[in-house]
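For reference, the structure discussed in these notes is given below.
Residue numbers (this note's numbering), protein chains in the order written: chain A, 1 to 87; chain B, 1 to 394.
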């Protein structure tokens with residue numbers, strides 16, 4: 001996507017209405033991306049929105065309708081995560 | 001002038017126990033591709049290059065976990081080499097008053113950290129191994145004390161190639177509640193390893209030998225039953241996680257991985273291990289051992305040559321140590337290099353303990369260590385070269 005100079009596409013707006021999984025470690029985030037993609041779930045790694053954490057890491061972004069499947073998949077694959085948040 | 005390239009085709013490389021050479025093309029290409037296309041700091045920033053670098057590191061983690069049968073790739077901790085991983089496992093788990101058992105076939109990468117810990121109040125028992133470098137598993141039980149915390153064993157000797165019975169040892173240490181630390185520098189990639197089912201708690205590997213990765217890579221596989229709360233890291237610092245906190249994180253792998261990793265090296269390591277997985281460890285072992293059997297048979301027929309270690313291919317790796325009557329090790333090594341283009345390693349191989357065990361201390365041996373890229377022609381030429389040197393030195 002080309003970068004647009006007007007700020008109406010700030011990150012929070014860009015991801016508004018979506019959900020994210022927050023992790024303790026970046027390695028867990030990357031592991032979860034691989035697991036979800038292998039399971040055919042549409043996910044994307046994005047920087048953690050500032051209002052959720054001051055961490056410099058990444059989180060896994062997805063559409064709210066996938067929440068249950070994502071949660072189940074995290075548990076069945078024993079992936080350690082912090083929380084699932086709406087943004 | 002590139003001397004290396006000019007002579008590369010004439011070189012017979014038999015120093016694979018020190019580092020493997022050559023490497024698969026895919027390994028070199030992966031490193032170039034990483035630096036050209038990605039190059040960012042993994043797990044530090046949120047942009048796509050950083051995320052992609054994180055995926056590269058994860059691929060290396062995932063490939064080694066698959067090869068060693070470790071369930072969770074996050075139980076793989078990367079380090080600079082096997083030595084760093086062994087230091088972490090030893091110094092992170094042992095404290096004054098603990099007792100550790102090890103063997104008479106260890107490399108200095110184990111013996112030196114242990115001797116250092118001994119000065120700090122750790123007790124050490126060294127199990128005697130036979131002339132061929134084999135450990136008798138029945139000799140372990142009598143050494144176990146109430147404060148025995150760990151058993152450290154070399155999976156295969158870098159001097160004689162003798163393999164340790166890791167499965168049997170793992171059963172015993174699991175029953176006794178003792179941590180089992182395996183030094184797999186000589187086996188990971190060329191001999192099947194099953195961390196989960198062999199009762200291995202900690203396994204140190206190097207990336208640049210049979211895993212066919214670059215130097216500067218290695219790590220520690222941490223078994224599921226290891227209590228990481230009582231396993232201290234040797235370093236603390238930036239991890240890209242928990243940035244708000246000045247306390248070092250307690251979770252894997254970040255607890256034991258501080259600072260920017262050797263990502264370009266790990267890109268190469270991921271590709272090296274992929275080559276091993278695609279080729280199959282069993283096929284690699286079969287090829288190497290066929291050559292080792294050919295080499296040992298050929299050398300045994302030469303008058304004045306002593307071959308150390310077992311002849312049984314089931315109980316050894318493709319690393320062969322010899323001596324020639326009437327010829328010094330250094331001299332043999334130099335003639336092999338200069339007159340025949342054969343790269344060997346002579347001396348004590350950083351393992352004085354192992355040479356004492358087989359009776360070759362302090363002179364050492366001439367070591368010929370075979371790798372997957374050696375050919376039967378390499379071995380035939382080497383046998384002829386040793387034969388010629390032997391005739392001259394008689």
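Ideal Cβ placement from N, Cα and C applies to all residues, glycine included.
Neighbour flag for residue i against chain A, beta carbons, 9 Å
i: residue 170 of chain B; result: no
i: residue 51 of chain B; result: yes
i: residue 12 of chain B; result: no
i: residue 254 of chain B; result: yes
i: residue 74 of chain B; result: yes
i: residue 372 of chain B; result: no
i: residue 34 of chain B; result: no
i: residue 46 of chain B; result: yes
i: residue 19 of chain B; result: no
i: residue 239 of chain B; result: yes
i: residue 308 of chain B; result: no
i: residue 196 of chain B; result: no
i: residue 54 of chain B; result: yes
i: residue 246 of chain B; result: no
i: residue 22 of chain B; result: no
i: residue 42 of chain B; result: yes
i: residue 274 of chain B; result: no
i: residue 231 of chain B; result: no
i: residue 214 of chain B; result: no
i: residue 61 of chain B; result: yes
i: residue 4 of chain B; result: Residue confidence is low: residue 4 of chain B scores 46 on pLDDT, short of 50, so the model does not pin down where it sits. Its coordinate-derived value is still stated next. So no, residue 4 of chain B is outside the interface.
i: residue 281 of chain B; result: no
Test item: CB-CB of residue i and residue j under 9 Å
i: residue 240 of chain B; j: residue 44 of chain B; result: yes
i: residue 217 of chain B; j: residue 78 of chain B; result: yes
i: residue 215 of chain B; j: residue 317 of chain B; result: no
i: residue 159 of chain B; j: residue 310 of chain B; result: no
i: residue 386 of chain B; j: residue 324 of chain B; result: yes
i: residue 284 of chain B; j: residue 276 of chain B; result: yes
i: residue 101 of chain B; j: residue 32 of chain B; result: no
i: residue 65 of chain B; j: residue 209 of chain B; result: no
i: residue 196 of chain B; j: residue 70 of chain B; result: yes
i: residue 99 of chain B; j: residue 123 of chain B; result: yes
i: residue 20 of chain B; j: residue 265 of chain B; result: no
i: residue 273 of chain B; j: residue 252 of chain B; result: no
i: residue 157 of chain B; j: residue 351 of chain B; result: yes
i: residue 89 of chain B; j: residue 181 of chain B; result: yes
i: residue 76 of chain B; j: residue 219 of chain B; result: yes
i: residue 206 of chain B; j: residue 82 of chain B; result: yes
i: residue 59 of chain A; j: residue 21 of chain A; result: yes
i: residue 62 of chain A; j: residue 43 of chain A; result: yes
i: residue 260 of chain B; j: residue 41 of chain B; result: yes
i: residue 188 of chain B; j: residue 203 of chain B; result: yes
i: residue 87 of chain A; j: residue 45 of chain A; result: no
Same chain only: Cβ atoms within 8 Å of residue i, ignoring 5 sequence neighbours per side
i: residue 258 of chain B; result: 233, 235, 236, 237, 238, 239 and 248
i: residue 67 of chain A; result: 19 and 84
i: residue 305 of chain B; result: 299, 322, 323, 324, 325, 386 and 390
i: residue 12 of chain B; result: 340, 341, 342, 343, 374, 378, 381 and 382
i: residue 394 of chain B; result: 303, 304, 325 and 326
Chain B within 9 Å of residue i, Cβ atoms only
i: residue 39 of chain A; result: no
i: residue 88 of chain A; result: With chain A covering 1 to 87 only, the question about residue 88 of chain A has no answer from this structure.
i: residue 72 of chain A; result: no
i: residue 24 of chain A; result: yes
i: residue 84 of chain A; result: no
i: residue 87 of chain A; result: no
i: residue 17 of chain A; result: no
i: residue 159 of chain A; result: Since the first and last residues shown for chain A are 1 and 87, residue 159 of chain A lies out of range.
i: residue 52 of chain A; result: no
i: residue 45 of chain A; result: yes
Sequence-distant residues of the same chain with beta carbon closer than 7 Å to residue i, five excluded per side
i: residue 5 of chain B; result: Note that residue 5 of chain B scores a pLDDT of 47, beneath 50, so its modelled location is shaky; the value from the coordinates is reported in the next line. None.
i: residue 300 of chain B; result: 307
i: residue 22 of chain B; result: 373
i: residue 72 of chain A; result: none
i: residue 332 of chain B; result: 324, 346, 366 and 389
Residues of its chain near residue i, where Cβ-Cβ distance is below 6 Å and the 5 sequence neighbours each way are ignored
i: residue 384 of chain B; result: none
i: residue 139 of chain B; result: 127
i: residue 96 of chain B; result: 120 and 121
Within chain E, partners of residue i - CB distance below 9 Å
i: residue 249 of chain B; result: No chain E appears in this structure, whose protein chains are A and B.
query = Going along the chain, which unbroken runs of the beta strand (DSSP E) with 3 or more residues stay wholly within the region 336 to 391 of chain B?
reply = Within the region 336 to 391 of chain B, the complete beta strand (DSSP E) runs of at least 3 residues fall at 345 to 347 and 365 to 369.
request  = Count the C-beta pairs between the region 105 to 118 of chain B and the region 57 to 66 of chain B that are closer than 8 Å, then say yes if the count reaches three, no if not.
outcome  = no
inquiry  = Under 8 Å: do the region 157 to 177 of chain B and the region 119 to 134 of chain B share three or more Cβ pairs, one atom per stretch?
reply    = yes
inquiry  = If we require 3 or more residues per run, which beta strand (DSSP E) segments fall completely within the region 305 to 330 of chain B?
reply    = 305 to 307 and 319 to 324
message = Give the list of continuous beta strand (DSSP E) stretches no shorter than 3 residues that lie fully inside the region 201 to 239 of chain B.
response = 202 to 206 and 218 to 222
Continuous alpha helix (DSSP H) assignments of at least 4 residues falling wholly in the region 26 to 101 of chain B = If we require 4 residues or more, the alpha helix (DSSP H) runs fully inside the region 26 to 101 of chain B come out as 48 to 68 and 82 to 93.
request  = Entirely within the region 162 to 199 of chain B and at least 4 residues each: give me those alpha helix (DSSP H) ranges in chain order.
outcome  = Whole alpha helix (DSSP H) segments, 4+ residues: 166 to 176.
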